[in-house]
Amino acid sequence: MADVYEKHWSTGGAGVPSAESPDEAVYLLGRNALLTIKPLLWCRRHGIDRLALAVLEANPFTDATPEFFDRFSGAMALAGVGDVTIERPFAGLDKRAVMERGRRLPLELTFSCIAPVAQRHCGRCNKCTERNAAFRLAGLPDPTDYADPTAQRVNDRRLRSRRRRDASEQVLERHASAPPSVPRLAPLASRH
Ligand SMILES: [Zn+2]
Numbered sequence: 151m152a153d154v155y156e157k158h159w160s161t162g163g164a165g166v167p168s169a170e171s172p173d174e175a176v177y178l179l180g181r182n183a184l185l186t187i188k189p190l191l192w193c194r195r196h197g198i199d200r201l202a203l204a205v206l207e208a209n210p211f212t213d214a215t216p217e218f219f220d221r222f223s224g225a226m227a228l229a230g231v232g233d234v235t236i237e238r239p240f241a242g243l244d245k246r247a248v249m250e251r252g253r254r255l256p257l258e259l260t261f262s263c264i265a266p267v268a269q270r271h272c273g274r275c276n277k278c279t280e281r282n283a284a285f286r287l288a289g290l291p292d293p294t295d296y297a298d299p300t301a302q303r304v305n306d307r308r309l310r311s312r313r314r315r316d317a318s319e320q321v322l323e324r325h326a327s328a329p330p331s332v333p334r335l336a337p338l339a340s341r342h
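If you use the numbering used here, the sequence shown closes out at 342, no skipped numbers anywhere.
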């Protein structure tokens, strides 16, 4: 993709979205169209009529919507490619639910880093942090061989601050449910 994206974080350029980056920072122009078209043509050439993509529920981008895939399939049919149904079996699941489903699978063989270091997960980027957080949320040990374990440190920090927040919220809730305490005043000395 370097011929189209040129100098871009996804092709080895600077500015790889980090753990602190917002979701929009990882958006890639035309990502799902690009990811879909070659496999779709391959399916068509091999007599396969269904193609599945693991788009998740929380994907905020317009090229992950049912409308996009419906229209994309329609455009492919118009282009003479023929009918290949695009399925999204994980569309109603979040990352935690997907991890639960894969609990007994060799998840260490999956790859999700957007800035690999010598074919290893970098451990620093937005997706490495998200990956590590998903293992934690599912209560699974993270078997990933990170080049730099920053993802784990960031998630440790988040976990600690979340625990602190939960603890202070519990204190506030206790105060809110307790009856207001009225300080008892000593009776005034009677005047003579
Ligand atoms: Zn990474």
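All C-beta atoms, glycine included, are put in the ideal place defined by N, C-alpha and C. Since the model is a prediction, treat every value here as computed from it, not as a measurement.
In this structure, what does DSSP give as the bridge partners for V248?
To locate residue 248, count along the sequence shown from 1; it is residue 98. In DSSP, V248 forms no bridge with anything.
Could you give the first and the last residue of the continuous alpha helix (DSSP H) run that contains E237?
Along the sequence shown, read from residue 1 onward, the residue named residue 237 stands at position 87. Premise fails: E237 lies in the beta strand (DSSP E), T235 to E237, not in any alpha helix (DSSP H).
So, with DSSP's three-state summary, where would you put L178?
Within the sequence shown, numbered from 1, the residue matching residue 178 stands at position 28. Note: L178 maps to coil in three-state DSSP.
Cα-Cα separation, G273 to A288
By one-based count along the sequence shown, residue 273 stands at place 123. By one-based count along the sequence shown, residue 288 stands at place 138. Cα to Cα, G273 sits roughly 19 Å from A288.
Rounded to the nearest angstrom, how far is the Cβ of L201 from that of E170, given a contact under 8 Å?
By one-based count along the sequence shown, residue 201 stands at place 51. By one-based count along the sequence shown, residue 170 stands at place 20. With 8 Å as the limit, L201 and E170 do not qualify as a contact, their Cβ atoms being about 35 Å apart.
From the DSSP output, which residues share a beta bridge with R200?
Locating residue 200 in the sequence shown gives position 50, where the first residue counts as 1. DSSP lists T235 as partners of R200.
Nearer than 6 Å: is that true of the beta carbon of H271 relative to any heavy atom of ligand 1?
Taking the first residue of the sequence shown as position 1, residue 271 is located at position 121. It does: the Cβ of H271 is within 6 Å (strictly closer) of some heavy atom of ligand 1.
For C263, is the beta carbon positioned less than 6 Å from some heavy atom of ligand 1?
Counting from one through the sequence shown, the residue named residue 263 turns up at place 113. C263: yes, Cβ under 6 Å from ligand 1.
Nearest-angstrom Cα distance between R314 and A297?
Working through the sequence shown from its first residue, we reach residue 314 at position 164. Working through the sequence shown from its first residue, we reach residue 297 at position 147. Approximately 29 Å, taken between the alpha carbons.
Local conformation of R195 per DSSP, three classes:
The sequence position of residue 195 within the sequence shown is 45, counting from 1. Looking at R195 - three-state DSSP - the assignment turns out to be helix.
When the Cβ atoms of the region 214–231 are set against those of the region 246–254, are three or more pairs found closer than 8 Å?
no
How is S160 classed by DSSP in three states: helix, strand or coil?
By 1-based counting over the sequence shown, the position of residue 160 is 10. Three-state result, S160: helix.
Name the residue from A241, E207 and R194 whose alpha carbon lies nearest to the alpha carbon of S223.
Here the question's residue 223 lines up with position 73 in the sequence shown. Of A241, E207 and R194, the residue nearest in Cα terms is R194.
Extent of the continuous alpha helix (DSSP H) to which R286 belongs:
Counting from one through the sequence shown, the residue named residue 286 turns up at place 136. Counting along the chain, the alpha helix (DSSP H) containing R286 begins and ends at N276 to L287.
If you measure from the beta carbon of R253 to each beta carbon in chain B, is any gap under 7 Å?
No chain B is present in this structure, which holds just one protein chain.
Under the three-state reduction of DSSP, which class applies to V154: helix, strand or coil?
Counting from 1 along the sequence shown, the entry for residue 154 is found at position 4. In this structure, V154 counts as helix in the three-state DSSP scheme.
Use the C-beta contact count for T235: other C-beta atoms within 10 angstroms, 16 or more gives buried, fewer gives exposed.
Start at 1 with the first residue of the sequence shown, and residue 235 comes out as number 85. The residue is exposed, with fewer than 16 neighbouring Cβ atoms inside 10 Å.
S223: first and last residue of the uninterrupted alpha helix (DSSP H) it sits in:
Along the sequence shown, read from residue 1 onward, the residue named residue 223 stands at position 73. It spans P216 to L228 - the alpha helix (DSSP H) in which S223 sits, taken as one unbroken run.
Kindly list the residues whose CB is nearer than 6 Å to the CB of H342, restricted to its own chain and excluding five residues on each side of it in sequence; keep chain order.
Taking the first residue of the sequence shown as 1, we reach residue 342 at position 192. Only weak support is given to the placement of H342: the predicted model assigns it a pLDDT of 44, under 50, and the question is left unresolved by the model.
Classify P167 as buried or exposed, calling it buried when 16 or more other Cβ atoms lie within 10 Å of its own Cβ.
As a first step, residue 167 must be located in the sequence shown, where it is residue number 17. Its Cβ being crowded by 16 or more others within 10 Å, P167 is buried.
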